[in-house]
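So, in structure tokens, the structure goes:
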């Protein structure tokens with residue numbers, strides 16, 4: 002099949018990593034894929050497409066912001082100003098490439114490209130938990146008229162789509178793999194090389210977008226408790242976020258006396274450098290994660306994961322088996338589970354090994370691509386029969 006995938010690409014976070022995995026997985030199954038991205042980007046998504054040998058077409062797609070605010074109105078006005086160029090570019094691409102199916106990765110892309118939906122089977126992979134309100138329910142009902150299916154990345158996301166007015170028969174749950182089976186063999190080598198001796202500094206990692214909703218404040222408070230108990234540890238923070246929030250977080254870290262055990266690692270595209278030397282990965286999200294790619298990545302590297310008991314995270318982390326689930330925004334509980342792992346490295350290692358096995362069973366790129374292919378083929382075959 003020929004597949005167009007319209008991707009968010011401003012920066013590479015969890016949703017963008019999922020898109021790259023899907024694109025590479027479908028290509029490996031013999032499909033011809035093209036990534037449609039926005040000209041407004043930091044360039045990292047495009048660089049990764051090049052490294053994967055995937056074709057990219059950039060269009061000036063802006064952001065339609067439904068909530069009223071000066072900044073939102075500016076973004077929406079900018080998107081509408083460039084809309085004729087987007088339509089011309091997408092029309093040319095559709096005529097030259099002649100895709101069998103189109104995959105969207107953001108509902109607002111569907112609004113921008115609405116005139117082109119319905120001409121061929123189109124799908125939306127839903128990565129975010131949009132607020133359940135009148136504008137969003139209206140948007141999803143509108144998209145439901147044109148889309149063949151909504152692909153939910155977790156059972157939690159499927160339930161949320163139902164609240165937004167998507168009919169159950171249009172929802173399919175496909176969980177997104179983090180690594181190919183070939184890459185997992187390399188990951189195994191990194192995990193096997195990890196060693197920890199008695200007295201070593203315990204390394205706690207948190208990765209991804211640095212933002213209040215990701216639970217960094219909770220981790221600061223948990224670390225403050227660990228320091229008060231004389232624990233020997235460091236917190237390594239991978240990722241990037243708004244300057245305003247990071248500066249506010251740095252103030253809290255300094256006030257708690259944690260500067261000596263808090264390391265800002267920045268954005269790192271090489272995941273072996275993120276997870277290869279950690280002892281545990283914390284995912285203390287304060288919102289309903291639609292999926293939780295960081296939890297999958299960390300588990301693949303043999304790390305026990307401590308995650309919030311909300312959103313899609315309980316579908317990844319098995320409490321007491323591959324890590325621990327804790328109450329969201331409960332620093333005392335998070336600190337207690339971190340101490341448990343510090344005190345029982347044998348059990349911690351066993352949890353990490355169980356997580357690795359779970360990833361290989363449920364969260365490979367090959368499995369994801371096969372399930373998406375099956376869904377697309379069913380819709381494309383049905384469309385051909387109708388035509």
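Residue numbers (our numbering): 2 to 388.
Backbone N, C-alpha and C fix where the C-beta goes; we use that ideal spot for every residue, glycine too.
>> Closer than 8 Å is the cut-off here; do at least three beta carbon pairs connect the stretch 133 to 145 with the stretch 158 to 176?
In response: Touching, yes.
> What are the complete alpha helix (DSSP H) segments, minimum 4 residues, inside the stretch 59 to 102?
Replying inline: Positions of the alpha helix (DSSP H) runs, each at least 4 residues long and wholly inside the stretch 59 to 102, are given as 71 to 82 and 84 to 98 in order along the chain.
> If we count the other Cβ atoms within 10 Å of its Cβ and call it buried at 16 or more, is residue 176 buried or exposed?
Replying inline: With 16 or more neighbouring CB atoms inside 10 Å of its own CB, residue 176 falls in the buried class.
> Out of curiosity, what's the CA-to-CA distance linking residue 387 and residue 119?
Replying inline: Summary for residue 387: the model assigns pLDDT 41, below 50, so the residue's position carries little reliability; its value from the coordinates is reported in the next sentence. Each residue's Cα considered, the two are about 13 Å apart.
>> So, under 8 Å CB-CB, residue 342 and residue 349 are touching, yes? Tell me the CB distance rounded to an integer number of Å.
In response: Correct: roughly 4 Å between the Cβ atoms.
> Smallest Cα separation from residue 329: which of 219, 12 and 112?
Replying inline: Out of 219, 12 and 112, 219 has the C-alpha closest to the C-alpha of residue 329.
>> Can you tell me where the beta strand (DSSP E) holding residue 46 begins and where it ends?
In response: For residue 46, there is no enclosing beta strand (DSSP E); the residue is part of the alpha helix (DSSP H) that begins and ends at 45 to 53.
> If we ignore side chains and look at the alpha-carbon of each, how far apart do residue 379 and residue 286 end up?
Replying inline: When only Cα atoms are considered, residue 379 and residue 286 end up about 36 Å apart.
>> Quick test of your reading: residue 81 and residue 37, contact by CB under 8 Å. State the CB separation rounded to the nearest angstrom.
In response: The beta carbons of residue 81 and residue 37 sit about 19 Å from each other, so the pair does not count as a contact at 8 Å.
>> Let me make sure I understand the geometry here. Which of 20, 8, 11 and 3 has the alpha-carbon closest to that of residue 294?
In response: If we check each option's Cα against that of residue 294, 20 comes out closest.
> From which residue to which residue does the alpha helix (DSSP H) around residue 120 run?
Replying inline: For residue 120, there is no enclosing alpha helix (DSSP H), as DSSP marks it with neither H nor E.
> Since residue 351 and residue 317 are thought to touch, with beta carbons under 8 Å apart, how far apart are those beta carbons, to the nearest angstrom?
Replying inline: Wrong, their Cβ atoms sit about 18 Å apart, outside the cutoff.
> Within this structure, are the beta carbons of residue 275 and residue 205 separated by less than 8 Å?
Replying inline: Result no, Cβ atoms of residue 275 and residue 205 do not sit closer than 8 Å.
>> Please return the same chain residues whose Cβ sits closer than 6 Å to the Cβ of residue 224, not counting the five positions on each side in sequence.
In response: Shown here for residue 224: same chain residues with a beta carbon closer than 6 Å to its own, the five before and five after excluded, namely 236 and 259 in chain order.
> residue 355: which of 192, 25, 8 and 102 sits nearest, CA to CA?
Replying inline: Of 192, 25, 8 and 102, the residue nearest in Cα terms is 192.
> Does the stretch 71 to 85 come close enough to the stretch 46 to 59 to have 3 or more Cβ pairs within less than 8 Å?
Replying inline: No, the stretch 71 to 85 does not touch the stretch 46 to 59.
>> Can you check which of these residues, 46, 215 and 71, is closest to residue 59 by C-alpha distance?
In response: It is 46.
> If you draw a straight line from the alpha carbon of residue 134 to that of residue 160, how long is it in whole angstroms?
Replying inline: Taking the straight line from one Cα to the other gives about 15 Å.
>> Just to confirm the assignment: which complete alpha helix (DSSP H) runs, minimum length 4, are found wholly within the stretch 243 to 298?
In response: The alpha helix (DSSP H) runs lying completely inside the stretch 243 to 298 and spanning 4 residues or more are 244 to 256 and 272 to 276, given in chain order.
> Thinking C-alpha only, which one of 11, 3, 41 and 7 is nearest residue 210?
Replying inline: When only C-alpha atoms are compared, the closest one is 11.
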